Amino acid sequence: NGADLSNSAMMNCNLKGATLTGANLSGVNLKGADLTGANLTGVNLSEANLTGANLSGANLKGAIVNNAILKNAVLVGANLEEIDMSAVDMTGATLATADEGLPPDIRKILDEHALWIKGQAGKGERAILSGTDLSYMDFTGTNLSGAEIRDAKLIGIRLNGCRLVMSDLSRSVMTNAEIKQAILDGTNLVDTDLSGANLSGTSLGPVDLKDSQGRETGRKWPTNLAGAKLRGANLTGADLRLANLMDADLTDAILTDANLTGANLTDAMLDGVDMQRVVME
Numbered sequence: 003n004g005a006d007l008s009n010s011a012m013m014n015c016n017l018k019g020a021t022l023t024g025a026n027l028s029g030v031n032l033k034g035a036d037l038t039g040a041n042l043t044g045v046n047l048s049e050a051n052l053t054g055a056n057l058s059g060a061n062l063k064g065a066i067v068n069n070a071i072l073k074n075a076v077l078v079g080a081n082l083e084e085i086d087m088s089a090v091d092m093t094g095a096t097l098a099t100a101d102e103g104l105p106p107d108i109r110k111i112l113d114e115h116a117l118w119i120k121g122q123a124g125k126g127e128r129a130i131l132s133g134t135d136l137s138y139m140d141f142t143g144t145n146l147s148g149a150e151i152r153d154a155k156l157i158g159i160r161l162n163g164c165r166l167v168m169s170d171l172s173r174s175v176m177t178n179a180e181i182k183q184a185i186l187d188g189t190n191l192v193d194t195d196l197s198g199a200n201l202s203g204t205s206l207g208p209v210d211l212k213d214s215q216g217r218e219t220g221r222k223w224p225t226n227l228a229g230a231k232l233r234g235a236n237l238t239g240a241d242l243r244l245a246n247l248m249d250a251d252l253t254d255a256i257l258t259d260a261n262l263t264g265a266n267l268t269d270a271m272l273d274g275v276d277m278q279r280v281v282m283e
């Protein structure tokens, strides 16, 4: 316990179930290592390379992970309490799968929300996840329409193929999120930070408003991205018809093949934007 293994080379090491509590593993090369179920409580992993490592079920509570590399690492079921992941490279990492690995309390909220969407009288409850930290979790294909997820920490979250129609994601931090081929029509994204997010092929268009009898009213409810940060975001082929992008920061964003018909771009920052083949009829 508390061993100093800093800057060691431990590639492809089998450390399954190992107890390394409080050890100094800063700068260690643990590429491809098997740390399944390992006890890494309070371990120093600063600048460690854990590319492709398997940390399923590992206990990383209170670990120090500044500038660690966890590219393509598997962290399903890992305990990541009391960890600051803000300076970690999590590209391609699997933190949770959509059907397993999500925390039980989150799964319960999603199950209740699914019933609420079906609209059966007295059944289910709208998902309220405001202020929560769902960073790097995988919600692929989930229907979160109407959910309230304001002021949440959603860094690197996977929402590919999700339905988030008329949801409230305002002021949430969604940097480097994966939101490909999703439907976010009519969603509130005011002051949301989507810098570096991948929204390619995603629909951010308007919702047709209906009356109490379900008849079309002819009115539309656009997606609201006022003040949103979309620096370096990928919006290739995205549907942004009628979207409110007032004061949005689109610096260096990719808008190739996007549809911006009727969008409000008042005071938006468009420096370095790639607008090849954009539709703005």
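Read left to right, the sequence shown gives residues 3 to 283 (my numbering). Glycine included, each C-beta is placed from N, C-alpha and C at the ideal position. As the structure is a computational prediction, the values presented were derived from the model and not from experiment.
Inset, instruction - In the DSSP assignment, find the beta strand (DSSP E) that holds residue 2 and state where it starts and stops. - result: Since the first residue of the chain shown is 3 and the last is 283, residue 2 is not available in this structure.
Inset, instruction - State the start and end residues of the unbroken beta strand (DSSP E) segment that holds residue 110. - result: Boundaries around residue 110 are those of the alpha helix (DSSP H), 106-120, since no beta strand (DSSP E) includes it.
Legend entry - Start-to-end residues for the beta strand (DSSP E) that takes in residue 218: 218-223
Inset, instruction - Could you check how far apart the C-beta atoms of residue 59 and residue 38 are, in whole angstroms? I think they sit under 8 Å. - result: Rounded, the Cβ-Cβ distance is 6 Å, consistent with contact.
Inset, instruction - Report the rounded CA-to-CA distance for residue 229 versus residue 217, giving the unit in angstroms. - result: 33 Å
Inset, instruction - Evaluate the contact criterion for the stretch 113-132 versus the stretch 79-91: three or more CB pairs, one atom per stretch, below 8 Å. - result: no
Inset, instruction - State yes or no: is the C-beta of residue 166 within less than 7 Å of the C-beta of residue 191? - result: no
Legend entry - Environment of residue 207 [buried if 16+ CB atoms lie within 10 Å]: buried
Legend entry - residue 127, DSSP secondary structure in three states: coil
Legend entry - Nonlocal neighbours in the same chain, by C-beta distance under 7 Å from residue 234, ignoring five residues either side: 197, 198, 254 and 255
Legend entry - alpha helix (DSSP H) runs contained entirely in the stretch 148-212, provided each spans 4 or more residues: With a minimum length of 4 residues, no continuous alpha helix (DSSP H) run stays inside the stretch 148-212.
Legend entry - Whole-number beta carbon distance between residue 132 and residue 156, since they are thought to touch under 8 Å: The Cβ separation is near 11 Å, so there is no contact.
Inset, instruction - Would you decide whether residue 204 is buried or exposed? Buried here means 16 or more other CB atoms lie within 10 Å of its CB. - result: buried
Inset, instruction - Could you tell me whether the Cβ atoms of residue 41 and residue 11 are closer together than 7 Å? - result: no
Inset, instruction - With a cut-off of 8 Å on the beta carbons, I'd call residue 237 and residue 265 a contact; round off their distance for me. - result: Not confirmed; about 11 Å, so no contact.
Inset, instruction - Consult DSSP for residue 51 and reduce its assignment to one of helix, strand or coil. - result: strand
Legend entry - Inter-residue spacing [alpha-carbon to alpha-carbon] between residue 270 and residue 227: Going by the C-alpha atoms only, they are around 10 Å apart.
Inset, instruction - Could you say which of 281, 23 and 13 lies nearest to residue 5 if we only look at CA atoms? - result: Taking each of 281, 23 and 13 in turn and checking the Cα distance to residue 5, the smallest one comes out for 23.
Legend entry - Proximity winner among 267, 258 and 202, relative to residue 279 (alpha-carbon distances): 258
Inset, instruction - Tell me, to the nearest whole angstrom, how far the beta carbon of residue 68 is from that of residue 35; I am working on the premise that it is less than 8 Å. - result: About 19 Å separates the two Cβ atoms, so there is no contact after all.
Inset, instruction - Compare the C-beta of residue 183 with all C-beta atoms of chain B and state if any pair is closer than 7 Å. - result: Annotation note: the requested chain B is absent from the structure, which comprises a single protein chain.
Inset, instruction - Can you grab the Cα-Cα spacing for the pair residue 65 / residue 139, in whole Å? - result: 19 Å
Legend entry - Sub-7 Å separation of residue 2 and residue 241 beta-carbons: Nothing in the structure corresponds to residue 2, since the chain is present only between 3 and 283.
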